Every structure is written in structure tokens, then in C-alpha cells.
Amino acid sequence: AQTVTQSQPEMSVQEAETVTLSCTYDTSESNYYLFWYKQPPSRQMILVIRQEAYKQQNATENRFSVNFQKAAKSFSLKISDSQLGDTAMYFCAFMSAHNTDKLIFGTGTRLQVFP
Amino acid sequence: NAGVMQNPRHLVRRRGQEARLRCSPMKGHSHVYWYRQLPEEGLKFMVYLQKENIIDESGMPKERFSAEFPKEGPSILRIQQVVRGDSAAYFCASSSGTSDHEQFFGPGTRLTVL
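If you read the protein sequences in the order shown, they are chains A and B.
If you read the first sequence in the working numbering, its first letter stands for residue 1, the second for the next number, and so on.
If you read the second sequence in the working numbering, its first letter stands for residue 1, the second for the next number, and so on.
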């Protein structure tokens with residue numbers, strides 16, 4: 001069974017600085033999708049960024065980028081120029097290309113951005 | 001273009017009562033997913049439905065929980081004879097079923113069982 005591990009329960013960063021959130025996963029499949037979701041205090045789940053495993057190029061969305069290391073099964077999220085509005089829980093998630101029924105989530109990292 | 005709608009946002013039930021959670025997918029989406037988030041945990045998949053069909057209910061408890069997505073109307077997650085351990089946030093997501101596989105989430109229903 002696939003698993004997703006986020007080993008950092010909490011992180012903090014000063015405004016305008018850069019922070020990296022870690023995520024590792026376990027799968028025997030070669031084709032899959034990886035996602036980072038943000039859950040602010042409102043609890044709404046917001047997609048931040050996604051990566052297809054068959055793409056070697058790391059995904060980027062404005063201040064958010066990923067470091068996808070397929071061999072190491074690692075999928076970290078880098079937030080540049082952190083803003084107060086980035087304060088939230090961040091969840092890493094896996095989806096098998098053979099079973100797109102479900103997202104498998106990690107336990108989350110609580111990020112606090114300080115002024 | 002309204003997003004995924006869930007109601008109620010907050011639901012309080014006493015032990016033994018029934019809870020009904022509703023989810024209206026985004027316009028044009030025919031795939032609905034339900035997830036449960038226990039306090040301080042990530043979301044856990046419960047069930048995946050398409051119109052009038054349950055496709056995957058591997059994450060759904062075998063007893064007391066049921067889900068439906070009728071031809072007309074919202075998807076319903078029903079929990080019968082609720083217990084304190086059912087207290088959680090229940091999220092619904094929808095997708096169009098296209099190749100990008102993106103799931104759009106609703107705001108969730110927070111169920112509290114007294």
C-alpha cells in the first residue's frame with residue numbers, strides 16, 4: 001500500500017524568507033501524481049501545486065516550487081518570499097495513475113509565518 | 001461558477017442520532033469523493049461515487065456509514081447511530097474525470113457528537 005510521510009509536524013519562517021517542507025512517499029508504481037494542498041484556518045483545502053511522476057521537470061507555481069526526486073521518493077515544497085497569508089497546514093498527497101479514485105495524504109506540516 | 005458546496009458547515013448530534021452531510025459538486029463534475037479528517041490528522045479517503053454508482057468504498061466503515069449520489073440532487077453521506085469517535089471534519093471533493101485528475105474540495109462539514 002502507498003504511504004505518505006511528512007516528518008515535520010511544525011515549521012516556522014520569517015516573512016520574506018524561504019522555507020522547505022519535506023515529504024516522502026512509498027510506492028512500487030512508476031506512474032503517479034503528487035500534490036501539495038494548503039489548509040488555512042478556514043479549513044478549506046486549496047491545491048498549491050501538482051507534479052506528474054513521468055515529468056522530470058520540477059513544477060513551479062509563482063512562489064511555490066517542488067523538488068521532485070523520483071529515485072529517492074521525495075517531493076519537497078519550497079515557498080519563496082514567504083507571506084503572512086502562507087500560514088496554514090500543508091498536506092502532501094499521492095495519487096496512483098492506476099487508481100485515480102483517491103488521494104492519499106500525509107499527516108501535514110503546520111507552517112507559521114512570522115512578521 | 002460556484003465551487004463545491006457542502007452543508008451544513010457545522011453539525012451537532014447526540015450519540016445514537018443520525019447525521020446527514022450533503023455535497024453539491026462543481027458544475028459539470030460527475031465524480032464525487034468523501035474524505036474524513038480526524039483532529040490533528042490528514043484527510044483519509046472514504047468513498048468515491050459517480051452518478052447513481054458507488055465506485056470505490058474501500059475507506060468507508062462497514063457499519064453505520066453509507067453514501068449515495070443520486071441522478072438528481074447532491075451526494076449524501078449518512079452516518080447512523082453516531083458515536084463520539086465520528087466527530088471529525090468531513091470533506092467532499094469533485095472532479096470532471098479528465099486526465100488531470102484534480103479534485104476540488106468543498107469547505108467541509110464539522111461534525112460534533114455529544
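By construction, the Cβ of each residue, glycine as well, lies at the ideal position given by its N, Cα and C atoms.
Here the structure is a predicted model, which is why all the values come from computation and not from measurement.
Is B:F69 close to chain A, meaning its C-beta is less than 7 Å from at least one C-beta of that chain?
no
Can you find a C-beta in chain B that's less than 7 Å from the C-beta of A:D101?
yes
For B:R36, name the three-state secondary structure that DSSP assigns.
strand
Output yes if chain A places a C-beta closer than 7 Å to the C-beta of B:Y105; else output no.
Checking the sequence shown, residue 105 of chain B turns out to be Phe, not Tyr. True, the Cβ-Cβ gap to chain A drops below 7 Å.
Count the other CB atoms within 10 Å of the CB of B:V83; is the residue buried (16 or more) or exposed (fewer)?
exposed
Cβ contact check for the segment 55 to 74 of chain A and the segment 11 to 18 of chain B: 3 or more pairs under 8 Å
no
Against chain B: residues of the segment 9 to 38 of chain A by CB proximity under 7 Å:
Y33
Between the CA atoms of A:L111 and B:C23 - distance to the nearest angstrom:
29 Å
Taking just the CA atoms, how far does A:E61 sit from A:V48?
8 Å
Closer than 9 Å by beta-carbon distance: list the chain B residues that pair up with A:L47, in chain order.
E102, Q103, F104, F105
Tell me the DSSP secondary structure of B:R84 in three-state form.
helix
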